[in-house]
Each structure stands twice: as C-alpha cells, then as structure tokens.
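Chains A and B supply the protein sequences, listed in that same order.
Heads up: the first sequence runs through residues 1 to 112, numbered per my numbering.
Heads up: the second sequence runs through residues 1001 to 1110, numbered per my numbering.
Worksheet for the structure shown next.
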Amino acid sequence: DAGVIQSPRHEVTEMGQEVTLRCKPISGHDYLFWYRQTMMRGLELLIYFNNNVPIDDSGMPEDRFSAKMPNASFSTLKIQPSEPRDSAVYFCASSLAGDEQYFGPGTRLTVT
Amino acid sequence: GQQLNQSPQSMFIQEGEDVSMNCTSSSIFNTWLWYKQEPGEGPVLLIALYKAGKLTSNGRLTAQFGITRKDSFLNISASIPSDVGIYFCAESSNTGKLIFGQGTTLQVKP
C-alpha cells in the first residue's frame, strides 16, 4: 500500500512568492496533520483535520499560512506571501484514529 | 504547557552495543509512541505503547512506559550501523494531537 504522498519534495522560491504544498493521505485514514520541522524548534504541529474538517489550527504561525482539505484524499498547505523564516521541512501525516500517525517524506522549502 | 524531555540528547556508540534512551513527561498520558527519523525522510513509527508497564518488542527494539504514565524508555539491542538516526518519543493527548520530544540522535561506529 502507498504511504503518505507529498509533493513537491523540494521547493526553492523567492521571498514574496506563493507556495503550495500538497499531501495525499493513506486511504481510509480519517486524520490528516501538517507539521513543520526546523533545527531550532523541532517538530511543530501546524494544523490537523478530522474527516476533512479543520479541528485545531492553533499552530499555524500567521495569517500567511492556510490549509485546506477539499476531500478525503487531498490536502494543501499554502504560504502567501512566503518569507525566508518559513524555510523548513514540512511534513504531512495521516492516522486512522489520531494516535499512530504515519508521516510522508516531507517537502523541504527554501525561501530566498 | 505539556513538555516531553528526552535523554540523552545524543549518543555515539560502537556497533554491537545495546542502547537505552528515555522520555519523561510533566503530565500523565496513556499512549506513548516511538519514532525514528533518518536524514531526508519523515519520522517512521517504531513502536506504539498502550498499556502502562507492558514491555513491547519489535525485533531488536523494546519499549515500555511506566506505571506512573509519565515516562518511557526505548532499548535497542546489538546496534548496527543502520540504527543511525534521530529517535523521537511522542505522547497522545487523546485529542488527535501528538506531542513530540526533541529527539535523541544516535550514531553507531562500525
């Protein structure tokens, strides 16, 4: 079975540009999570969905960040406008019941 | 807020040695998870713990969380070079969210 799929794997963009990260969760999983990982702050939960509905977005750093889950098999995390401090690895994870989360390979974002 | 403290922060061991790492919490949790992350990859779930005091194994890995439900350990026996990575403990708050520790970096010398 395919695991969590993320695209792109790497993204380099200039400050001020819009960035869209994509995630396809494991089929049948009801929960989807977006994380950001940096050396300084470790793994941070940004937002999570249950049955396509955003449940907790308290980790979203600013209004420049938004996430959507239009259906059970697709989610996006958008940053507009992007800033250099947004440079990080962004992970998507999915879970059947919330506890055992399965992570995608991540998107390494570099904003210059 | 809730915090997870992992120790040690890093380990450098010889191939074949056993490894032990720990995780402590300021709060009580009923579900503990251990993940491993290799460079350029996402964290991979190693072991999920649902019962305090019960030893759970996965190959050379053994883990348990204590009856106080505030601490957990992960042991790796007979380490090999591919055990290299960062090991994270995580707790479930039963709200769907996980709280992650800062990780233990393991390096294995062949």
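The beta carbon of each residue, even a glycine, is placed where N, CA and C say it ideally should be.
Using a CB distance cut-off of 8 Å, B:T1104 does not count as an interface residue toward chain A.
Pairing B:F1065 with A:G16, the inter-Cα distance amounts to about 46 Å. Counting along the chain, B:L1098 sits inside the beta strand (DSSP E) bounded by residues 1098 to 1100.
Considering only A:V111, A:T107, A:I26, the residue with the shortest C-alpha distance to A:H10 is A:T107. At a beta-carbon threshold of 7 Å, the residues of chain B lying near A:D56 are K1097, ordered along the chain. Unbroken beta strand (DSSP E) stretches of 3 residues or longer found wholly inside the region 1041 to 1109 of chain B: 1044 to 1049, 1056 to 1058, 1061 to 1065, 1071 to 1076, 1085 to 1092, 1098 to 1100, 1104 to 1109, given in chain order.
B:K1097 places its beta carbon 8 Å or farther from that of A:D63. Straight-line measurement puts the Cα of A:I79 at about 20 Å from the Cα of A:N52. Segment contact: the region 86 to 105 of chain A against the region 1008 to 1021 of chain B, fewer than three CB-CB distances shorter than 8 Å; contact not assigned. Think of a sphere of 7 Å around the beta carbon of B:F1100: the chain A residues whose beta carbon falls inside it are G42, L43, in chain order. Note that the region 1024 to 1034 of chain B does not touch the region 1075 to 1083 of chain B; fewer than 3 beta-carbon pairs, one per stretch, sit closer than 8 Å. Residues of chain A with a Cβ closer than 7 Å to the Cβ of B:P1043 are, in chain order, F103. For A:R22, same chain residues with a beta-carbon under 6 Å away, outside a window of 5 residues either side, are S7, T76 in chain order.
A:G42: member of the beta strand (DSSP E) spanning 42 to 50, first to last residue. By the CB criterion at 8 Å, B:L1004 and B:G1101 fall inside the cutoff.
With a contact defined as Cβ atoms closer than 8 Å, A:A93 and A:Y35 qualify at about 7 Å. A:Q80: not part of any beta strand (DSSP E); DSSP gives it neither H nor E. If you ignore the 5 residues before and after A:S87, its C-beta comes within less than 7 Å of the C-beta of L109, T110, V111, all in its own chain and listed in chain order. Taking the Cα positions, A:P84 is about 21 Å away from A:I47.
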